[in-house]
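Residue numbers (full-length UniProt numbering): 1 to 1119. Cβ atoms here follow ideal geometry from the backbone N, Cα and C, with glycine treated the same way. Notes follow once the structure below has been shown.
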Amino acid sequence: NNWKPDKNLTINCVLSSVTECISLGDALREIDREGLIRSDFLLVPGDLMCNIQIENILEHHKVQRKKEKNLVMTMLYRELAPGHFSRCKEEDAFIAMDSDTHQIVQYQKSHACTSFDLSNNVWMNGRDVDIHYNLSFTHVALCSPQVAPLFTDNFDYQTLDDFVKGVLINEDIMGDKINGAVIREGYSCRVNDLHTYNAISLDLLGRWTYPITVDNTSCPLGRNNVYIHNDVIVEKDCTLKTKVLVGKGTIIGEKTHITQSTIGANCKIGKNVTIKNSYIWDNTVIGDDCYIVQSIICENCQINRNVKMVDAMISYNVCIDEGMELKPCTRLSLKKPDSDGFGDDDDDDSDIDENMKKLKIQDKKDYDIEIVGANGKGFLWPYDMEEEGNIPSLTGNDYETSDGESNSEDEDEDSTPNSPQPELSNLHQFYIEVVENLKSGYLEKIAADNIALEINASKFKFNISIPELCQTVAKALLEMCLKHDDTPKTEQVKEFGKITKGLHPLLLKYFNTAETQTYAINSIEEHFLTSIEEVAYYVLPSILHKLYDADVLDEAVILRWYACPHEISEDHIIIREENRTLLRKTPKNKMASPNEDEKRVALQEKIKEQGEVVRKLKSSKDQTDEIKQQIKDEVAKLLELKAQLGGNNTKKKFVLKTPKGTRDYGPKQMAIREKVFKIITETFQKHGAVEINTPVMELKETLTGKYGEDSKLIYDLKDQGGEILALRYDLTVPFARYVAMNKVEKIKRYHIARVYRRDNPAMTRGRYREFYQCDYDVAGQYDPLIPDAECVKIVAEILLKLELGDFVIKVNHRKVLDGIFAISGVPECQFRTICSSVDKLDKTPWEEVRNEMVKEKGLSEDIADKIYEYVQYKGGPELIEKLLNDEKFTNNKSAKEGVEDMKLLFKYCELFGCLQNVSFDLSLARGLDYYTGVIYEAVLTGLPKELMNGKTDKKKDKKKEGEDEQVGVGSVAGGGRYDDLVGMFDSKGKKVPCVGVSLGIERIFSIMEKKQESSEEKARITKTKVLVVSGQKKMLEERLKLVNELWSQNIEAEVTFKANPKLLNQFQYCEDNAIPLCAVIGDSELEKGVVMLRNMKTREQNEVKRDELAEEIRKLCVE
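So, in structure tokens, the structure goes:
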């Protein structure tokens, strides 16, 4: 456990003499009676899981208390979307809060409510009010000493909800106020019921509660948040999938599958057991072939083989005989219920756990053997429907209290999508509102966006999922036109076509994917199941045709529905058999018949098989002329099959998107780019670099042969003039070409531009096919290692200025690597290809790299192991001394020269003040062929945890200039010395020594964007310093005159493009765009010759003379 409490923190427990405190109100009244609280205090329940840092909020509360003496409480909330897994439905609430003071002005529980009525007092004094439905109470409240006396004065206050409602009702009389504070970080959730018990347990296993965690030295964290105690025995073929905790001494049998569950200590789990979302307490035995889902089993229970249970609660010492299947929501205990079916209320609840562990064995004939079996032990405890209402479940999907059984087992993940069922009342109310919205929208010809806005508002109000939304819209559409009267069905279908046409833009919004269209068809089918005759002979196929003709449903979706019913029943089979004929006979049908569809599917299978043949041939290592000819023949067959498939008149929709591996950059992203580019450019220029630019295209022969195995990633171009071209792969090779072509002998240059690579993109981790590089290079003959050290210094400066966290610049030398290969026995002709393998060590385990060296590149195992002896070394000057004292190492000329160069590099880095960020890492190889000396790579090591969310890419990705692994790994820059590259382009082979560094700018952008998202500050996407506004009408000309005056004095200013805009809308525009100032003018300001200058952050405003306005703006906006 990583939780380290403050050593100075002490907790004193005060026991009251009164034992009848059954509510929060009773407890606070007793605390007030004994005078235990004299100052502000923290009110939290004992069953709370919380890691919130409250220091800043507490200080703010104290400051507010000084300003507002009547502030009695600050309630802490966190943002959680309605329906979030860790939200308790009973605690959902509408909260109206003053935008400026954060005072709670209205509070209403929203569970089972469909509307929220705002009091007129909410708008008093013209204040702005924020209305929240996405706030969840953390059960943490900062209280003043007046809270306890207020509970004493009102005995109706039993809960905190009673208190809040009472204070708000009596605010006008008593003047007491309650504030709300929204926390942006931290976790807080209370165990209210089985659902929240499950949610908190899963969040704890998922580490959302960090630093409160379950792992320690004896129970370490494993992959996918699996925690297994060190002495647990897990037999072969077991699957512990995700969020699993297994206590010490537990044994898990073969082929057992456990997911999202907790297993206690000293348990015995049999073979072939399935445990999902369940909690098994200590010393429990579960036999073979059991199926346990969403259940709680207490200590010392015995569940014999082949027992099945869903949503069950099994108390202490219960035994269930083999082969028993419990109904959902079964509760079993060794304690026998009273004759009325429920327990004795006079029992001492505080000792109930201990009593249940020590229960005497009941007479066997008393047990409910029809539930627990002939050899079982236990009594069934029924639910008190009057007191408990719906039967609770671990997942939060409470069972209704009817006699019907409810199926809680997981749906087959591979089945056709179908809508889950929420609370009937909510879904029914939502259905009614959707019907009303569709009818009014169609009759009044309301815009689709406005109808969608109304429907989406109802969706959030009733907590409706996307599948439920699509099904409800489809049913509502049928409700509008299909009548249960004598109206001819042909007329009803015609009416359906008219309504579909009128609501066409809206339907395209909701049924825009194959999945949502499937939901709609399933919903329509269920609507007609009550009348198979009508479905079979006319209505259903006609409805589907209307939707198909309007492009609301795709042909492929309808055919898939026809082939794969989402439920297998006699009615569903009848529907499809009858529609089989009609889909072929209907003259309006444009869709393929089932026979044609079968042919198309068969053709697709042939294409798939033929594609596999081509891939196998291309992957063959022995590419003889015969094999190459065979590849051509098989590719021709593949193209012929694809041409046959393309001949089908299947309708295709144009998808508007950017090419794979590219992206658009909006104003927010461009603002971040500009900031980063400015820092990098200023650093380059500070070190004396000049800027050059080269074409985005190069001759293909210029680029080939410079990148080793990565040359296959170059984009080729076909030029109409006959030149064979390619898009530049990096900026280094074009720079070398520039130096050679222009006979440059010395230059210190920088270049920021796009480059292109035909790579597999991973855009969430900053890997693109089109991306920026920021290069700094020094060309010319200089004394050894001085330019190299300056490159390291420049990288360190830039990363420090960008504030990306801790970083390390790993350095190595190509001569050191060549020396290691020579010492280990690698043939010289394989140096470069083995170097490419070593380059993968930063993201690939040694065993995989070793396997590549041995099996793919032909090295012996001994040579590979010798390489590993050296490449695992990393360190500072002490490593250099260690290598210089290694006789075997220094006997190699290349290795010795490389280490001596590194010693000199470290000396210069120390003089430049950047040695603390430099590490000598012998595994650093950088796979590009043109490096000849020092190589380096910068890696972020101290990213904030909210940015460490990338998943490790297991593919064998090559490392490239300016492109590295995911944000969580943090490699952001690389480079090195390339003395021979310029000579490759010179006709006389004249060499110009070069060294440079390239910054992986996309990686940096990804990190900066995530930092911006996690920041509370709004990003400034415009440089506007002031917005010219007015609250009066007919002031457009004066506003235009003033903004022109500001422009003429080089002040970045704006004015809204409306003649008479509302003042609040203008202020909101400033807030949304982070414009710091507003220049307000009106009749009074014009008379005085002044302008009211308002600071949007502090809300302060002052009159400024008009001729001094520009200078005052400059003073306030000094960056």
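Distance, residue j Cα to residue i Cα
i: G875; j: A864; result: 22 Å
i: L71; j: A141; result: 12 Å
i: N1050; j: V1043; result: 11 Å
i: Q610; j: D622; result: 20 Å
i: V826; j: R758; result: 31 Å
i: D449; j: E1071; result: 25 Å
i: I297; j: L544; result: 49 Å
i: D777; j: G975; result: 9 Å
i: T274; j: D338; result: 34 Å
i: N892; j: S860; result: 21 Å
i: R65; j: T681; result: 49 Å
i: V105; j: V129; result: 9 Å
i: R1039; j: Y107; result: 42 Å
i: T159; j: G35; result: 20 Å
i: T138; j: L1109; result: 47 Å
i: R1099; j: I1001; result: 38 Å
i: W208; j: Y367; result: 43 Å
i: N277; j: V310; result: 10 Å
i: W381; j: S333; result: 7 Å
i: L245; j: I679; result: 47 Å
i: residue 1144; j: V918; result: Nothing about residue 1144 can be read from this structure; the chain reaches only from 1 to 1119.
i: T732; j: D775; result: 8 Å
i: Y519; j: L503; result: 18 Å
i: T472; j: L427; result: 8 Å
i: residue 1126; j: K271; result: Here the chain has residues from 1 to 1119 only, and residue 1126 is not among them.
i: H60; j: G247; result: 43 Å
Local conformation of residue i per DSSP, three classes
i: M174; result: helix
i: G180; result: strand
i: N1050; result: coil
i: C250; result: Note on residue identity: the sequence assigns Thr, not Cys, to residue 250. The answer is coil: DSSP assigns T250 none of H, G, I, E or B.
i: Y107; result: strand
i: C267; result: coil
i: T1056; result: coil
i: H102; result: coil
i: M324; result: coil
i: residue 1126; result: What the structure shows of the chain is the stretch from 1 to 1119, and residue 1126 is not part of that stretch, so it cannot be assessed.
Burial state of residue i, where buried means 16 or more other Cβ atoms lie within 10 Å
i: H84; result: exposed
i: P488; result: exposed
i: F821; result: buried
i: A93; result: buried
i: residue 1121; result: One cannot answer for residue 1121 here, as it falls past the ends of the chain, which runs 1 to 1119.
i: T683; result: buried
i: G25; result: buried
i: K657; result: exposed
i: N283; result: buried
i: N512; result: exposed
i: A514; result: exposed
Short CB-CB distance (under 7 Å) between residue i and chain C
i: P667; result: No chain C appears in the structure shown, which is made up of a single protein chain.
Can you find at least 3 beta carbon pairs, one from the region 1022-1038 and one from the region 1052-1069, that sit closer than 8 Å? yes
Stretch pair the region 163-172 + the region 212-230: three plus CB contacts closer than 8 Å: no
Does the region 796-805 come close enough to the region 977-994 to have 3 or more Cβ pairs within less than 8 Å? no
Does the region 93-111 come close enough to the region 178-192 to have 3 or more Cβ pairs within less than 8 Å? yes
Can you confirm whether the region 880-899 touches the region 780-790 when touching is taken to mean that 3 or more C-beta pairs between the two stretches lie within less than 8 Å? no
Run through the region 723-787 for me and flag every whole alpha helix (DSSP H) of 4 or more residues, listed as ranges in chain order. 732-741
Enumerate, from N- to C-terminal direction, the unbroken beta strand (DSSP E) stretches of 3 or more residues contained entirely within the region 892-944. 918-921 and 934-940
Between the region 692-706 and the region 718-738, do at least 3 Cβ pairs fall closer than 8 Å? yes
What residue ranges within the region 864-888 form continuous alpha helix (DSSP H) runs of no fewer than 4 residues, ordered along the chain? 877-884
Counting Cβ pairs, one atom from each stretch, are 3 or more of them under 8 Å apart for the region 713-723 and the region 747-755? no
Minimum length 3: unbroken beta strand (DSSP E) runs contained in the region 266-305: 274-276 and 291-293
Between the region 810-821 and the region 922-939, can you find at least three pairs of beta-carbon atoms closer than 8 Å? yes
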